[in-house]
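*Asks:* My numbering applies: residue 37 is where the sequence shown begins, and numbers increase by one.
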Amino acid sequence: MADDTENGGRADAERLRLAAADAGRVAWRRWGPYLSERQWGTVREDYSPGGDAWSYFTHDQARSRAYRWGEDGIAGVSDDKQRLCLALALWNGRDPILKERMFGLTNAEGNHGEDVKEYYFHLDSTPTHSYMKFLYKYPQAEFPYDELVAVNRDRGRGESEYELLDTGVFDEDRYFDVFVEYAKAGPEDLLVEITAHNRGPDEATLHLLPTLWFRHTWSWAGGTAVPGLRHADGAILADHEELGPRRLYFEGAAETLFTENDTDNERIFGSPNATPYVKDGIGRYVVHGEQAAVNPARTGTKAAVHQVLTVPAGGSATVRLRLTDGEPADPWSGFGSVLDTRRTEADAFFEGVVPDGLGEDERRLVRQALAGMLWSKQYYYLDVERWLAEHGVDPLAADPRVRNSAWYHMVNDEIMSMPDTWEYPWFAAWDLAFHTIALSMVDIGFAKSQLELLLRRLYLHPNGQIPAYEWNFGDVNPPVHAWAVLFVYELEKHRTGRGDRAFLENAFQKLMKNLTWWLNRKDADGNNVFQGGFLGLDNIGVFDRSAPLPTGGHLDQADGTAWMALYCQNLLEIAVELAAENPVYIEQAQTLFEHFAWIAVAMNRIGKDNASLWDEEDGFFYDVLRLPDGSATPLRVRSLVGLIPLVATSVVGAWTDRRFPELVEGAREFVRRHPAVEGLVASHDVLGSGAEGRHLFALFGEDRLRRILARMLDEEEFLGPHGIRSLSRHHAAHPYTFEVHGETYGVGYLPAESDSGMFGGNSNWRGPVWFPVNVLLVRALLNLHAYHGDGFTVECPTGSGRRLNLYEVAREISGRLTSTFLSDEDGHRPVHGARPEFAKDPHWKDLILFYEYFHGDNGAGLGASHQTGWTGLAAVTATLFRVVGAGDWGALREEPLS
């Protein structure tokens, strides 16, 4: 068996593969973990008249009903167009159904919305997926499907969720640890080793069914030719008109079972089947003994290798497979050697990613965080025009009653980074921007491709809007794309000594179109104060900020306005970088500076109604409710809404004065010409010159900065033991209320789950810690330190008497975030709450879950449990201050990046 790593030692093997893939020489990324963990219950599969995706296609139907737009499975892989899929199915001899996909609750079934009710872990992956490792914990007792639904449905929003561990199915360790490892002997040659460990006290039987099938593409209008699978000695042969022939070899004696990946119409719709061999045939054969459910001719479009393992107590059993486009004389020759080599190469690759000085537990955190990021790459397919036509909608006559009808131009047909491949198996614009920051640690080529993707003509709306997510492409996410583009560009430049200017310039042109959309659509009064709706912060407001207000009128949003300031800052930085080689960008840099200046004025202006986003008495920014009668009321909720203005902070080095004197003079002339801007500069020094002659672009000066930081760093307000809370703890004793037409609306401090159904009830921005905004705040503090220098100090925590400069404050917050995942002397990791298994059990204690958000007071994980999308930023917080010293951040701005 060839060990195709090109030339170079093991430390360089994965980097050589990455380089070959980026150059288009070898398709090392062709095969990967691109199979979703949930396709049922998605918008893509929803053809209901009312748009109830969860009810239209359920988990119970998924085993029998063919999907239209994608596939799902356990520990699954596919090619990059998801034509051929390979995943694991299991049966313990007791379950009522074959375990082919992860089980979880729908939004209506869970007391806190949808939630997967399984234990599985993405343990390892290299960026080309030359090596991957996955763990699934499978109970030996009957899986408690009905119990999980019933108990959670009966619990209220004030109660905790009922989890699989709570049911007792793992008692006495009666479960299997099923490890799945993939290793590539070549770009089209996958070795698979599945090892099942019986952790229980008694011998137990396990049915393993590695399953190979084709995505159903043939029966829809305009479908493809029907591909085929058939049996051969020791293998399943697959033939596809685009992929060509493949073989799945299996070792030892096993039964091969064949059926079709077609809907069981009889079970789902009560109508006759065209063939007796349908999607659920293998499960019916194995679980219920229905001999006629599988094809005796051993042909079809779905097939499984059925192996029955008797595993002794404390013992293990292993199954090996090989999926390849070749015909090796001996499929198993060198199998173990290649697998060991890929493991070693993966270790060597991550040795180069993780900086020196990290302890074993921190290194484990970084490795698993990045593995989760890489396992969360999924094939996402949706042709919106075709989808609308299948709903009976004329794509050129948008029907607001049908979801996404204005997005008929969109064609999604790519590998994309998912927020969570079970709970959120669809892209989300602002999530994706944060994903690229963590992904750039291991695969900067893929990170750049993800940023470029949403700016392509098949995604970006003709009016310039970036699509949000499949539930509503037209919703509005915070405009952080430019921030991520600049970050990834600078990182690559720092690593390699050269920046990808083509990437930067291409992104800039599309982002300017999106900026224009914001300027034209989200400034209701034309006064540089912006709206935008929920802006990713779901239930943070007094009202649903994406719905018509019960009062009428509209909200002037402190965060919406600050996001726009940050957008202008980031685009200004990009324009200055591009101007180093093309002076045409100087004019655009000047325009962006002026946009930012007017937004800064608006943020600090007191209107004729004496209403302002800034509240001088409280020393904080608030949303302002503007009523139809012209009156205005600040909504005094201390939340991230008031901290986002701090995020809008950028620093440009003194070199710009020398390189672009016309830009500097133009800015000075603009300030002189406009008294409002001149007054802002004079009173707040927001455009002044600081350490090393650097220029600060911020929305306020030192006085307001100190007042905001005093609140943010107060442990009785925002500073929690594991990061900055989304809502001040002040509101625990002092909830904010607002009465409208006899109805009271309120916001109180909720450090854990939401107590309302707003935005589905499955997320909460009223107290918990969220990684993405914390990372933005860390970046802002580093920029402020680069400007103010070591002499600017604040109390941290507020009232402690301990004074830190802003670099040290950023490091403190980053350390608190990272501590969420690290074990203490008793083995307890805050992320796992009070679960003793994760603290003491040797088969659980080193496993880390990356939740969507975290308890504001104790760090316990909440929401989606596999959101290594933006929570994968834990890999950044764990390493950033090992590689960036106090003077390094500012030094990056000392000379032009070109």
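We put the beta carbon where it would ideally sit given N, CA and C, even for glycine.
None of these values were measured; they are calculated from a predicted model.
Roughly how many angstroms lie between the CA atoms of Glu208 and Tyr181, to the nearest whole one?
*Replies:* Translated into the one-based positions of the sequence shown, residue 208 becomes position 172. Translated into the one-based positions of the sequence shown, residue 181 becomes position 145. Their Cα atoms are separated by approximately 20 Å.
*Asks:* Which residues mark the beginning and the end of the alpha helix (DSSP H) in which Gly562 is found?
*Replies:* Walking along the sequence shown from the start, residue 562 turns up at place 526. Unbroken run through Gly562: none, as it is neither H nor E.
*Asks:* Between the alpha carbons of Trp466 and Ser412, how many angstroms are there, rounded?
*Replies:* Within the sequence shown, residue 466 is the residue found at index 430, counting from 1. Within the sequence shown, residue 412 is the residue found at index 376, counting from 1. Approximately 16 Å between the Cα atoms of the pair.
*Asks:* Could you tell me whether the stretch 756 to 771 touches the stretch 836 to 852, where touching means 3 or more Cβ pairs closer than 8 Å?
*Replies:* Yes: the two stretches touch, three or more of their Cβ pairs being nearer than 8 Å.
*Asks:* Hey, would you say Ala464 sits closer than 8 Å to Ala504, going by beta carbons?
*Replies:* Residue mapping note: residue 464 aligns to position 428 of the sequence shown, counting from 1. Residue mapping note: residue 504 aligns to position 468 of the sequence shown, counting from 1. Yes, these two residues count as a Cβ contact at 8 Å.
*Asks:* Helix, strand or coil for Tyr11? Go by DSSP, reduced to three states.
*Replies:* Since the first residue shown for the chain is 37 and the last is 934, residue 11 is missing from the structure and cannot be characterised.
*Asks:* Return the first residue and the last residue of the beta strand (DSSP E) that Ala957 is part of.
*Replies:* The shown model of the chain, from 37 to 934, leaves out residue 957, and the question about it has no answer.
*Asks:* Suppose you measure from the CA of Asp366 to the CA of Val374; what does that come to, to the nearest Å?
*Replies:* Position 330 of the sequence shown, counted from the start, is the residue given in the question as residue 366. Position 338 of the sequence shown, counted from the start, is the residue given in the question as residue 374. The alpha-carbon atoms of Asp366 and Val374 are separated by roughly 14 Å.
*Asks:* Give the DSSP-derived three-state secondary structure of Ser675 in the structure shown.
*Replies:* Walking along the sequence shown from the start, residue 675 turns up at place 639. DSSP places Ser675 in strand when its eight states are reduced to three.
*Asks:* Is the stretch 688 to 708 touching the stretch 668 to 679 in the sense that three or more CB pairs, one from each, lie closer than 8 Å?
*Replies:* The stretch 668 to 679 is not in contact with the stretch 688 to 708.
*Asks:* How far does the beta strand (DSSP E) with Pro281 in it extend, from its first residue to its last?
*Replies:* Here residue 281 is taken as the residue at index 245 of the sequence shown, counted from 1. Where Pro281 is concerned, the enclosing beta strand (DSSP E) stretches over 280 to 286.
*Asks:* Looking at the unbroken beta strand (DSSP E) that takes in Ala125, where does it start and where does it end?
*Replies:* Residue 125 sits at position 89 when you count from the first residue of the sequence shown. Run containing Ala125: 120 to 127, per the beta strand (DSSP E) assignment.
*Asks:* Between the C-alpha atoms of Leu933 and Asp58, what's the straight-line distance to the nearest angstrom?
*Replies:* Counted from its first residue, the sequence shown places residue 933 at position 897. Counted from its first residue, the sequence shown places residue 58 at position 22. Unreliable placement is indicated for Leu933, whose pLDDT of 45 sits below 50; the coordinate value is still reported in the next sentence. Going by the C-alpha atoms only, they are around 23 Å apart.
*Asks:* According to DSSP, is Trp249 part of a helix, a strand, or is it coil?
*Replies:* Taking the sequence shown and counting its residues from 1, one reaches residue 249 at position 213. Strand, per DSSP.
*Asks:* Assign Trp76 to buried or exposed, taking buried as 16 or more other Cβ atoms, counted over all protein chains shown, within 10 Å of its Cβ.
*Replies:* Mapped onto the sequence shown, residue 76 falls at position 40. By the neighbour-count rule (16 or more Cβ atoms within 10 Å), Trp76 is buried.
*Asks:* Give the straight-line distance between the Cα atoms of Lys484 and Tyr495, rounded to the nearest whole angstrom.
*Replies:* For the purposes of this step, residue 484 is identified with residue 448 of the sequence shown, where counting begins at 1. For the purposes of this step, residue 495 is identified with residue 459 of the sequence shown, where counting begins at 1. Cα to Cα, Lys484 sits roughly 16 Å from Tyr495.
*Asks:* Can you check which of these residues, Leu909, Ser686, Phe886, is closest to Trp925 by C-alpha distance?
*Replies:* The residue labelled residue 925 in the question sits at position 889 within the sequence shown. Looking at the Cα atoms, Ser686 is the closest of the given residues.
*Asks:* Could you tell me which uninterrupted alpha helix (DSSP H) segments, each at least 4 residues in length, are contained entirely in the stretch 680 to 743, listed from first to last along the chain?
*Replies:* Runs found: 680 to 683, 691 to 695, 697 to 709, 711 to 720.
*Asks:* According to DSSP, simplified to helix, strand and coil, what is Ala38?
*Replies:* Translated into the one-based positions of the sequence shown, residue 38 becomes position 2. Low confidence applies to Ala38: its pLDDT is 44, below 50, so where it sits in the model is not reliable, and the reading given next is rough at best. In the structure shown, Ala38 sits in coil (DSSP, three-state: anything other than H, G, I, E or B).
*Asks:* Ala900: which of Glu199, Glu136, Asp48, Arg99 sits nearest, CA to CA?
*Replies:* Mapped onto the sequence shown, residue 900 falls at position 864. Nearest of Glu199, Glu136, Asp48, Arg99 to Ala900, Cα basis: Glu199.
*Asks:* Under the assumption that Ala822 contacts Ala727 (Cβ atoms under 8 Å), give the Cβ distance between them as a whole number of angstroms.
*Replies:* Residue numbering aside, residue 822 sits at position 786 when the sequence shown is read from its first letter. Residue numbering aside, residue 727 sits at position 691 when the sequence shown is read from its first letter. 7 Å between Cβ atoms; contact.
*Asks:* Between Tyr167 and Asp116, which are expected to be in contact by the criterion C-beta below 8 Å, what is the C-beta distance as a whole number of angstroms?
*Replies:* Mapped onto the sequence shown, residue 167 falls at position 131. Mapped onto the sequence shown, residue 116 falls at position 80. 18 Å between Cβ atoms; not a contact.
*Asks:* So is Gly129 buried or exposed if we call it buried at 16+ other beta carbons inside 10 Å?
*Replies:* Taking the sequence shown and counting its residues from 1, one reaches residue 129 at position 93. Counting Cβ neighbours within 10 Å, Gly129 comes out exposed, since fewer than 16 surround it.
*Asks:* Going by C-alpha to C-alpha distance, which of Ala560, Ala340, Leu614, Val776 sits closest to Arg537?
*Replies:* Mapped onto the sequence shown, residue 537 falls at position 501. Nearest option by C-alpha distance: Leu614.
*Asks:* Do the CB positions of Ile610 and Leu540 come within less than 8 Å of each other?
*Replies:* What you label residue 610 is simply residue 574 of the sequence shown in a count that begins at 1. What you label residue 540 is simply residue 504 of the sequence shown in a count that begins at 1. Against a cut-off of 8 Å, the Cβ pair of Leu540 and Ile610 comes out as a contact.
*Asks:* Taking 7 Å as the cut-off, is the C-beta of Thr241 nearer than that to any heavy atom in the ligand NAP?
*Replies:* Absence of the ligand NAP is noted for the structure shown, with no ligands found whatsoever.
*Asks:* In whole angstroms, what is the alpha-carbon distance linking Phe917 and Tyr174?
*Replies:* Stepping through the sequence shown from its first residue, residue 917 is reached at position 881. Stepping through the sequence shown from its first residue, residue 174 is reached at position 138. Cα to Cα, the separation comes out at about 39 Å.
*Asks:* Is it buried or exposed for Arg358, if we count other Cβ within 10 angstroms and need 16 for buried?
*Replies:* Locating residue 358 in the sequence shown gives position 322, counting from the first residue. Buried, because 16 or more other Cβ atoms sit within 10 Å of the Cβ of Arg358.
*Asks:* Kindly indicate which residue of Phe385, Leu134, Asn297, Arg743 has the alpha-carbon position closest to the one of Arg251.
*Replies:* For this step, residue 251 is matched to residue 215 along the sequence shown. Cα-wise, what sits closest to Arg251 is Asn297.
*Asks:* Please say whether Gly306 and Arg99 have beta carbons closer to each other than 8 Å?
*Replies:* By 1-based counting over the sequence shown, the position of residue 99 is 63. By 1-based counting over the sequence shown, the position of residue 306 is 270. It is not a contact, given that the beta carbons lie outside the stated cut-off.
*Asks:* Does the beta-carbon of Gly258 have 16 or more other beta-carbons within 10 angstroms, so that it is buried, or is it exposed?
*Replies:* Numbered from its first residue, the sequence shown carries residue 258 at position 222. It counts as exposed.
*Asks:* Would you report the Cα separation of Phe215 and Leu676, rounded to the nearest angstrom?
*Replies:* Position 179 of the sequence shown, counting from 1, holds the residue named residue 215. Position 640 of the sequence shown, counting from 1, holds the residue named residue 676. Straight-line Cα distance between these residues: approximately 41 Å.
*Asks:* Span of the alpha helix (DSSP H) holding Met548?
*Replies:* Residue 548 sits at position 512 when you count from the first residue of the sequence shown. Taken as a continuous stretch (DSSP letters only), the alpha helix (DSSP H) holding Met548 covers 537 to 557.
*Asks:* Here's a check: name, in chain order, each residue in its chain whose Cβ is nearer than 6 Å to the Cβ of Thr883, leaving out the five neighbours to either side.
*Replies:* In the sequence shown, counting from the first residue as 1, residue 883 sits at position 847. Note that residue 883 corresponds to Leu in the displayed sequence, not to Thr. So the qualifying residues of the chain are Phe157.
*Asks:* Give every residue of the same chain whose Cβ lies closer than 7 Å to the Cβ of Gly44, excluding the five residues on either side of it in the sequence, and list them in chain order.
*Replies:* The residue labelled residue 44 in the question sits at position 8 within the sequence shown. Residue placement at Gly44 is flagged as unreliable, the pLDDT there being 45, under the threshold of 50; the coordinate-derived value follows with that caveat. So the qualifying residues of the chain are Leu52.
*Asks:* Taking the C-alpha atoms as reference points, what is the distance between Ser836 and Val830?
*Replies:* As a working mapping, residue 836 is identified with position 800 in the sequence shown. As a working mapping, residue 830 is identified with position 794 in the sequence shown. The straight-line gap from Cα to Cα measures roughly 10 Å.
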